[in-house]
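Residue numbers (my numbering), protein chains in the order written: chain A, 1 to 346; chain B, 1001 to 1346.
C-beta atoms are modelled at their ideal positions from N, C-alpha and C, and glycine is treated no differently.
Note that the structure is a prediction, hence the values are computed from the model and not measured.
Inspection log for the structure reproduced underneath, given as structure tokens.
Number of protein chains: 2
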Amino acid sequence: MSNQGEEAAVRWGPPYLLYLGSATDDLAIKTARGLAYWRPQWCLGQHRRPDCTVTLGLPDLGLAQARAAGADTMVIGAANAGGVMGPEIVADAVAALDAGMNVAAGLHHKLRDNPDIVAAARRNGRALFDAREPRPNIPVGTGRPRAGRRLLTVGTDCSIGKMYTALAIERALRQRGCAADFRATGQTGILIAGAGIPVDAVVADFISGAAEAISPARPDDGWDLIEGQGSLFHPSYAGVSLGLLHGSRPDALVLCHEPTRRHMRGLPDYPIPDLGDCLEANLAAARLTNPAVRAVGIALNTSNMPADEAAAACRQIGDRFGLPCQDPVSMGVEAIVDNLVACFAS
Amino acid sequence: MSNQGEEAAVRWGPPYLLYLGSATDDLAIKTARGLAYWRPQWCLGQHRRPDCTVTLGLPDLGLAQARAAGADTMVIGAANAGGVMGPEIVADAVAALDAGMNVAAGLHHKLRDNPDIVAAARRNGRALFDAREPRPNIPVGTGRPRAGRRLLTVGTDCSIGKMYTALAIERALRQRGCAADFRATGQTGILIAGAGIPVDAVVADFISGAAEAISPARPDDGWDLIEGQGSLFHPSYAGVSLGLLHGSRPDALVLCHEPTRRHMRGLPDYPIPDLGDCLEANLAAARLTNPAVRAVGIALNTSNMPADEAAAACRQIGDRFGLPCQDPVSMGVEAIVDNLVACFAS
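Given below as structure tokens:
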């Protein structure tokens, strides 16, 4: 993982210290939680301010202590409202750099735009990484076929499990000995993968080009598992979803859904689309760049449902579409991966 | 029209001097030609270097001469390959500012990124305007209903007549005494309208928000004629087209098409979509934010066809869809506007 800009020679990466700051609710630390969940082997500990009321269950480490324990990068995995970088976070980022760590963050406010943080990185010879900043010179999408196999997670809404599903399929394929790589398109995914492009932050003309860039031709028989974004049915963000669909040129789609959600995120007047309409719209759009695309499974986020209702929902939806339907977190993705492998047996 | 950045108090606008530079083909001066065609009353003359081989038929004026004749802004309406700003253009922009004019341009390279041009603007108290630079603080799209009526031009491909069609409908509606405003989404349109947002240059998360921002609620019974971009069937740019469709929340669509084109612009392996498929896909996507949307006409760009074939194509396509079908440049848009008015008679 190399950082952006002039100190490009400095690398950042694990082991990580996860910075939780003054967070007081779980939503604020979802980036840190994602990292601790999917890459526990990279996460040495957490750093919390005295007023922090949440925990990841990792050892609490001071900055010097974390550095001495081998932490190479402090990841700012907590967001205030609006993703802004308050004076406390700035002071702690400077202190982490002075303690000898790199600093990575997925905030709207960029580390690189803060002169104190930039100066601290420079005087310590350490790297800064803003996961929400796209790399420069992303090309326009070409729509051309390329080698390799790609699966994209799509959804009925935003924040519905597309990243978790892609990561779960990566893990399951690797456990079976298949070459498989998660391809990140959002800031949490990028910190988990150590690479990727935040597609919602690229200039609009380059959305499909960004998707092509993160999943280039691969010569082996492996899979790219591409993290979807937004929804074709979300009136704020559907353009991102469509560009990502075209640029990914997916062979396989997995549709992600949260059965208890009643309206699109942030928009009470927009109901969640019918699963069948959503699946068909995604397949129709995906056929533009890959006419052979097919749906291989449905991933439900059942975290708000009792276990028996969750199991019944999976059975009912699976039967309706003739596709394996599972909650990747509570049930795993073995049935979906079985179907994926069977569909594309060569 | 106010400019961006620190000299925001300085206004730019017509009368215009159109700068053709060293252009040697018509494609290179398409921005200047659009301005001269749609806003002849604003265009005092053209400025050409000795090696320029094309003309708009306007008086050739030197910089001081143009200023003396009343030109307030020189519009750089010519592009080299790649939209770059060569040393000749920089020198001429500086000279125009020193002659007392503002400078506006729609190039990829920004006037504001050139220190010589910025210094000349400052020392002369004149404004710079980069039409490809989106205004700051564009909000996320809301998908909410808003007052007013909106028509969006959509297309089977890029560069197929969507701007000309929207401008022709604006003119025809105004001639009938209807309130009507062209809403620009590309650099040429923005220079013609003196306002707008280049939607392909906004950050991807804000495409639909940009469309909402350029066509805000209007209290009168008038129409916003929104310039479409790209095509839902263009694998490089469809995300822009979809976000624009959702954010425009159009009441009416006009489908634009070029009957002799065989493949998508720049992509020989992608055939032009069937007109019926394209119309249905646009209507289906537009229904997300406005279920009452309807198609009111089809605009053909027949500039590559003999007149009899053009007329036959309009008849045949019009009959197939039961919609008025015209070439806005050679035939006008009266039949399309008749249908628009009839469909929305209140």
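With fewer than 16 other CB atoms across the displayed protein chains lying within 10 angstroms of its CB, R1320 of chain B is exposed. Beta-bridge partners assigned by DSSP to D1224 of chain B: B:R1150, B:D1181. Taking 9 Å as the upper bound on Cβ-Cβ separation, chain A lies near no residue of the stretch 1148-1174 of chain B.
Here F1233 of chain B is not bridged, per DSSP, to any residue. Per DSSP, V254 of chain A is one residue of the beta strand (DSSP E) stretching across 252-257.
A127 of chain A and A105 of chain A do not touch by the CB rule: their CB atoms are close to 12 Å apart, not below 8 Å. D1060 of chain B carries a strand assignment under DSSP once its states are collapsed to helix, strand and coil. Rounded to whole angstroms, the Cβ separation of L1035 of chain B and I1192 of chain B is 6 Å, and the two are in contact under 8 Å. Secondary structure at P1040 of chain B: helix, using DSSP grouped into helix, strand and coil.
V341 of chain A and D1181 of chain B have their C-alpha atoms roughly 55 Å apart. For the stretch 224-238 of chain A, the set of positions with a beta-carbon nearer than 7 Å to some beta-carbon of chain B reads F233, P235, S236, Y237, A238 in chain order. Per DSSP, F1206 of chain B lies in no beta strand (DSSP E) and is assigned neither H nor E.
For L18 of chain A, the beta-bridge partners assigned by DSSP are A:Q46, A:V75. Look at the beta carbons and you see the stretch 186-206 of chain A touching the stretch 24-34 of chain A: at least three pairs across the two are nearer than 8 Å. Residue environment analysis places G86 of chain A among the exposed positions, since fewer than 16 neighbouring C-beta atoms fall within 10 angstroms of its C-beta.
For F129 of chain A, the enclosing beta strand (DSSP E) starts and ends at 128-130. For the stretch 1200-1226 of chain B, the set of residues with a beta-carbon nearer than 9 Å to any beta-carbon of chain A comprises D1200, A1201, V1202, V1203, A1204, D1205, F1206, I1207, S1208, G1209, A1210, in chain order.
Chain A has a Cβ within less than 8 Å of the Cβ of V1240 of chain B. Against chain A, the beta carbon of H1246 of chain B has neighbours under 7 Å at P235, A238, listed in chain order. Across the stretch 1288-1308 of chain B, CB contacts with chain A closer than 7 Å involve L1288, T1289, in sequence order along the chain. Comparing C-alpha distances from G266 of chain A to each of A:L245, A:I317, A:I76, A:C158 shows the shortest one belongs to A:C158.
DSSP places R294 of chain A inside the beta strand (DSSP E), whose first and last residues are 294-300.
What L1267 of chain B touches in chain A, judged by beta-carbon distance under 9 Å, is T142, G143, R144, going in chain order. A buried status is given to E1258 of chain B, since no fewer than 16 other beta-carbon atoms sit within 10 Å of its beta-carbon. Leaving aside the five residues that flank G1013 of chain B on each side, the residues in its chain whose CB is nearer than 7 Å to its CB run, in chain order, M1001, D1072, T1073, G1194. Interface residue (Cβ-Cβ distance to chain A less than 8 Å): Y1037 of chain B is not classified as such. Put simply, the CB of G70 of chain A is far from chain B, with every gap to its CB atoms at 8 Å or more. Annotation for G1100 of chain B: R1067 place their beta carbon closer than 6 Å to its own, counting only its chain and skipping 5 residues before and after. When beta bridges are read from the DSSP output, G1155 of chain B appears opposite B:C1256. Exposed is the label assigned to T260 of chain A, since fewer than 16 other Cβ atoms lie within 10 Å of its Cβ.
The beta carbon of A335 of chain A is closer than 6 Å to those of P324, Q326 in its chain, skipping five residues each way along the sequence.
L111 of chain A and I117 of chain A have their C-alpha atoms spaced approximately 6 Å apart. Cβ neighbours of R48 of chain A within its own chain (closer than 7 Å, five residues either side excluded): L20, D60. Residue pairing by DSSP places L267 of chain A opposite A:M264 in a beta bridge. In this structure, V1293 of chain B sits near P1250 of chain B, with a CB-CB distance shorter than 8 Å.
D221 of chain A and E227 of chain A have their C-alpha atoms roughly 20 Å apart.
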